[in-house]
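**Student:** Numbering (this note's numbering), first residue to last: 1284 to 1546. Cβ coordinates follow ideal geometry from the N, Cα and C atoms, glycine included.
(1) Spatial neighbours of residue 1442 within its chain, please: CB distance less than 8 Å, with the 5 preceding and 5 following residues excluded, ordered by chain position.
(2) Rounding to the nearest angstrom, what Cα-Cα distance links residue 1468 and residue 1321 in this structure?
(3) Could you tell me the boundaries of the beta strand (DSSP E) in which residue 1319 lies?
(4) Alpha carbon to alpha carbon, how far is residue 1346 from residue 1399? Give it in angstroms, no decimals.
(5) Output yes or no for whether 8 Å exceeds the beta carbon distance between residue 1329 and residue 1298.
(6) Apply the 10 Å Cβ neighbour rule to residue 1492 and answer buried if 16 or more other Cβ atoms are within range, or exposed otherwise.
(7) Report the option in 1508, 1344, 1541, 1364 whose CA atom is closest to the CA atom of residue 1288.
(8) Could you give the distance in angstroms between the alpha-carbon of residue 1511 and the alpha-carbon of residue 1358?
(9) Quick one: is residue 1232 buried, meaning 16 or more other Cβ sit within 10 Å of its Cβ, or exposed?
(10) Under 8 Å by Cβ, that's how I've got residue 1286 and residue 1327 pegged, so tell me the actual separation to the nearest angstrom.
(11) Can you grab the Cα-Cα spacing for the pair residue 1413 / residue 1387, in whole Å?
(12) Under 8 Å, do residue 1459 and residue 1431 count as touching if we go by C-beta distance?
(13) Distance check for residue 1375 and residue 1545, CA to CA, integer angstroms please.
(14) Would residue 1454 and residue 1373 be called neighbours here (beta carbons separated by less than 8 Å)?
(15) Under three-state DSSP, which class holds residue 1506?
Listed below in structure tokens is the structure:
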């Protein structure tokens, strides 16, 4: 049953992993989907998957830390399909570094994509984090969510409520379990950016409800994606363990004893 028939959706960071799975699921539900990614070729490949399966999909290159690009895509979707019903902020980054070694660049990148764009990741012990580590995470993870959400919300407030639920739109942030608990070794800057996303979600939900826009966050645990596999290798190196031993730690930390899949 296609519950989303006639709806339009934008998914950021949809060229792979959770974003790709989300875009395909929305299309399977009947939505018209704009697939966006900083790697335009990957976005195009996912849009073609949607089209081959009989759905309606388009693709755009989107750097979530660029306000103008986000606004352009929001307007293009409305111009092509008449309205914007759903915006999923999935794009993000992550880097691993010990806290004492975190740099401003580490922080900024995680905040800009994950909170600004919302997915890039680096791992580093806290005592080794650099400013670059910090900036990278903050720019993508925190700033990106903010910029894309604002672009989407500004389009949504001007459109009529939908006939099914009486809402003008829905904004969904893909955060992380790191946004709910801070005990994540080598990811202090990433944790901070995801807490920012969760806090932003709550603030937006309270303010945008008056406009008929809902805002929610999904906080996945350990998911088998290419980014997660990079983190496994990074963490194994930092801990002096094998990648398989790190995966076993993740599985032990998961109630069902297994990693999630994007689907």
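**Tutor:** Taking the geometry as given:
(1) 1361, 1366, 1367, 1451, 1452
(2) 28 Å
(3) In the DSSP assignment, residue 1319 falls within the unbroken beta strand (DSSP E) covering 1315–1320.
(4) Annotation note: pLDDT 47 at residue 1399 (below 50); position unreliable, coordinate value reported separately. Rounded to whole angstroms, residue 1399 to residue 1346 spans 10 Å at the Cα level.
(5) yes
(6) exposed
(7) 1364
(8) 33 Å
(9) Residue 1232 cannot be examined here, being either before or after the span of the chain that is shown, 1284 to 1546.
(10) So it is not a contact: roughly 27 Å between Cβ atoms.
(11) 5 Å
(12) No; because the gap between Cβ atoms is not below 8 Å, this pair is not in contact.
(13) 15 Å
(14) Contact: no.
(15) Note: residue 1506 maps to strand in three-state DSSP.
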